[in-house]
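Counting from 66, one number per residue, gives the positions in the sequence shown under this note's numbering. Glycine is no exception: its CB is placed at the ideal position from the N, C-alpha and C atoms. Quick caveat, the model's predicted, so the values are computed rather than measured.
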Amino acid sequence: MMMSLRKKEKLIAQAIRTTNPVNNHTPWYSVAIACMVMTATPLTALSQDDQSEDKSSRARQPIEEVTVTAQKIEESIQDVPIAVSALSGDNIDALKIERGEELLRAVPNVNFSKSNFSTYNFSIRGVGTKAVSAATDPAVAVSFNNAPLIRNRLFEQEFFDVQRVEVLRGPQGTLYGRNATAGVVNMLPVMPEDEFASEIKAEIGSYNSKRTSGMFNLPVGDTMALRLSGAMTKRDGFDTNTYTGNDVNDRDLYSTRAIFEWEPSETFSANLIWQHFEEDDKRSRTGKQLCTTDPGPSTIGDTELTEITSIFFSQGCMPASIYSDDAYSAPNGRGFAFVLVPQFINLDTGFPIIDYYSNPYGNAEQSRDLREIATSYDPVFRAENDLVQLNFEWELSNSLTFFSQSTYAKDDYYSSQDYNRYVSDPIFNDSAEFVPTPGGIYTDPQLGPSDGILAVDISRSDNKQWSQEFRLQTSFDGPWNFSLGANYLDFKTQDDYFVFNNMFSLIAEYFYNGTRDPDTGLLISEKCIDPEVGAGDMDCIYVDPNSLENIDEEGHNYFLSRNLVETRSWALFGEAYWQITEDVKLTTGLRYTDDRKQSTPVPSQLLLGTSFDSETGEIISGQRSGGLVHRGYPEGDQVTQNWQEYTGRAVLDWRVDTPFTDDTMFYLSFAHGYKGGGTNPPRAEIDPTVVQYQPLEDSFEPEFVNAIEIGSKNVMLDGSLTFNANAFYYDYTDYQVSQIVDRISLNENFDAESMGLELELAWQLTDSTRVDMNMGYLKTRIADGEESIDVMNRTQGNEDWMLVRPSIQVPSNCIAPVDLVETVAATGNVLAIWSLCAGSALYGSFTPEIEGFARWDLLYGVDPYNPLTDAPNGGRGFAADLSGNELPNAPRFTVNFGVEHTIPIEDWDLTLRADYYRQSESYARVYNTEYDRLKAWSNLNASVSLNNPNSELYMQLYVKNIFDDAPITDMFTSSDDSGLTTNVFTLEPRIVGFSVSKGF
């Protein structure tokens, strides 16, 4: 119904009166509302009769047919026997889906979470990428214009000039390749058209957000066309660093794309695509860091622990719910090895560098607001991605077409942020005019001066990919058709992860390299350039003297995990389509894949150095550190892995006539999928006579899945309703999951199964009202007999064993018998406590099988104890039984409901839309403990749009995350020697925005 002029005037006045009570300025979104209403107001109001006549002349419109290329040929989505969801550019704009992470709001049984490093986990039906090693492959093939990209910016880059985004659920390895065990996300850009067109869009919003985008389509003669498009976003930070006073997690990014198309004849066409993305801002890679402080025990058995001994039995953070108030604490840092070691270095003033029993986070306080952090260092984020693609389509005959697709992609990524995510107390004692802490300040060569702990990480990757695919596609009139193809992939990646900590540099300089000046007797640090300076008891550890921005990447005063991987893969594939009858079709597909991965191990070298044997004149392994080199990161022997696998699918679909549908198709499919294995990153390279590592697997197995699916696609009510439903069952072998062990991402394999239901509905209720709904039900289950060691709970409740913190060169906690620990702890012997963990022979042992500094079993009169053989799993702990547990990030229910209503106002359409999304609770890890539980969360968005098709003018006012919720969507558990803290990820806050676009 047409709104009366009086009512419109009242609405405008109300909008303008909605002022800011602080500065009495009219909010921009109130002005936007007024502009939209005034623009839609005609000079003369239509009468009620006119409106009734106009309304009666309108008929209910059918749902627009969606064309997809899920099978690499253009088909109606209702004809494709695959569970596929497709979103056009208009759909994406209406739903305010701006990036790939938000696709979960439009597709059933889809989830998204950011990882702690340079990648993300896009999961479909509970299957995603929970392995984070550089040698792992994604389980969902993220594709641009049908070309899968192993590394991409799906999380960071915003959609622009999109023709369609397709999400295929279920294994799609036959046509899309080796990394499609879970499904495919395929983004297709708008291609050049044969008519001149252009568009520009501008948007403002919350957090000083400014967005612009546009496109320019230019025909060049009768056979060529050029399309240019781009988008840019700038806004202030969503989060506040209360320590530095700065807003962080801002955005400053842009994308450009150029597509040149040439069609010299009806039988041949080609296009060249170039796309560039760049970002340079203070985006946070992770959110807040949570921790429920583990105070450690006060007694062991009947023995009351002293202040010093208790610190060796706290793991830093306890495995408690991340939703409790206690989770906003800080780790118990008193037992951290890098805090303990400086307590053994005496200043020239007679005091230790750090007071005994110090807890650097003893006074750390955290806000309960997940959007507030308190860190010493603001994040730095840079990403750059380029893609070039060349496509040929040659119609060899009326029924045979040849396709060629060549794609090159380069991706560079750099992210740096505060590693500890807490502000340390001042901890350094004043060394007066002497080194290393004059005035209680230590100056780190990378991080600069500080009176407390500073720690910063860098996650960096450099990736290059080249792929080529050839394909023949038939279009015979008879019952048989086929698609045959071959492709080749060459992918190279270097992933680097650094951790800088001023305590590492302090220990390197004054514990390992430290000595006394022979003339003055004062504490000094040898600048270890030549390892022959490491005479006597001193190890030689090279300390990089350069700033953080200019490191030479040879220092052993920081942690560096470098991963070099090259993947080469080729495949032959084909699908045959047999139209058995007019209503029955059989699709069969087969793919042969030959994968070769070459991993070059580069062991980490944190605080490792060498010694010099003055008697033999030889450089030997570090007597204190156990290092084999004093500087640099030597590469190990290349590891080559090969897999040759067959994958495929068979689908039977048939159409039936029913009295209540216009068109109905059923399908039954079986698919077999595969994803390659890889190598686990190498650990530190240490002399095994000094440090003995707990046993870990060097590699992980490929994944395999067998999937059965039955589904139905229906068109009803004269085309105004589409209703699609399916049920599926997966049998998964060797699903890959990572956790941090010994400072590396250890990938493990688990068998699992999943089953579920999915419903998708689009209903044009009336000529002006549309309803969209999708629902997903998912039940996942890890197979019986699967087990894994939970670093948060190594004893698994066994009261005869307890946790022990190791020495500085042993990266992971261990467990030891309570009776033996009680005997040792009663004496307060630090070296004997450290010797309870495997790998600490430097400080002694409890068995003749390990040569060490002392035989503690003889001193204490106890039975020999070898942690490598007498403790469960070499001292790593008891394995947790995973039987029946749910897969991580696999909520049982997901639902999205949207309603859209359009009000015609002369030449304008005023559209109101609201969308509600909810997912049920899930778990972040395979252990399914209370610590792992992620609560259910929901999201509500709404928009008001005003469109004039004749003038191509479009305005939209929207609100995302209306209730400003901050649910925790996923989490990441850090390493033992970092205290097992938890980095969490959450949604963006409420955003109000107003956009105007104009086409020409």
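Burial state of residue i, where buried means 16 or more other Cβ atoms lie within 10 Å
i     : result
G513  : exposed
V285  : exposed
V1099 : Absent from the structure is residue 1099, since the part of the chain shown begins at 66 and ends at 1065.
F569  : buried
I338  : buried
S819  : buried
P501  : buried
P396  : buried
Y575  : buried
N567  : buried
Contact check, residue i vs residue j, beta carbons under 8 Å
i     : j     : result
I970  : F556  : no
P747  : G701  : yes
I438  : K299  : no
L355  : P362  : no
E965  : R983  : no
C593  : T1046 : no
E182  : G165  : Sequence check: residue 182 is Phe here, not Glu. Contact: no.
Y996  : E951  : no
P1077 : T959  : What is shown of the chain runs 66 to 1065, which leaves residue 1077 out entirely.
A267  : G242  : no
E768  : D799  : yes
Simplified DSSP assignment, three categories, for residue i
i     : result
D490  : coil
S153  : strand
Q143  : helix
P596  : helix
T1046 : coil
L693  : coil
N622  : coil
A159  : helix
L240  : helix
R399  : helix
L629  : strand
R870  : coil
T16   : No answer is possible for residue 16: it lies beyond the span of the chain, which begins at 66 and ends at 1065.
P407  : helix
E223  : strand
A1031 : coil
Span separating the alpha-carbon of residue i from that of residue j
i     : j    : result
Y479  : T357 : 30 Å
T539  : L455 : 22 Å
F325  : I138 : 21 Å
Y758  : S669 : 14 Å
I518  : L435 : 23 Å
K120  : Q228 : Residue placement at K120 cannot be trusted, given a pLDDT of 39 that sits under 50; what the coordinates show is reported in the next sentence. Going by the C-alpha atoms only, they are around 32 Å apart.
A99   : N993 : The predicted model places A99 with a pLDDT of 45, which falls under 50 and marks its position as unreliable, so this point remains unresolved.
D849  : S948 : 4 Å
P953  : V991 : 6 Å
L462  : E260 : This sequence places Ser at residue 462; Leu is not what is there. Computed Cα separation, rounded: 28 Å.
F333  : F209 : 22 Å
D922  : D884 : 13 Å
V1009 : Y623 : 53 Å
E614  : G862 : 46 Å
G904  : E750 : 13 Å
V255  : S853 : 47 Å
F638  : T194 : 25 Å
E591  : R633 : 46 Å
R350  : T305 : 14 Å
T705  : E344 : 35 Å
W643  : V649 : 9 Å
T472  : D451 : 11 Å
E766  : R957 : 27 Å
Fill in: Every unbroken beta strand (DSSP E) inside the region 922 to 999 [3 residues or more]
944 to 946, 958 to 970 and 973 to 984
Worksheet entry | Uninterrupted alpha helix (DSSP H) stretches inside the region 523 to 599 (no shorter than 4 residues) | 567 to 572
Fill in: Sequence ranges, beta strand (DSSP E) only - wholly within the region 817 to 864, length at least 3
834 to 847 and 852 to 854
Fill in: Completely contained alpha helix (DSSP H) runs for the region 699 to 728, where each covers 4 or more residues
none
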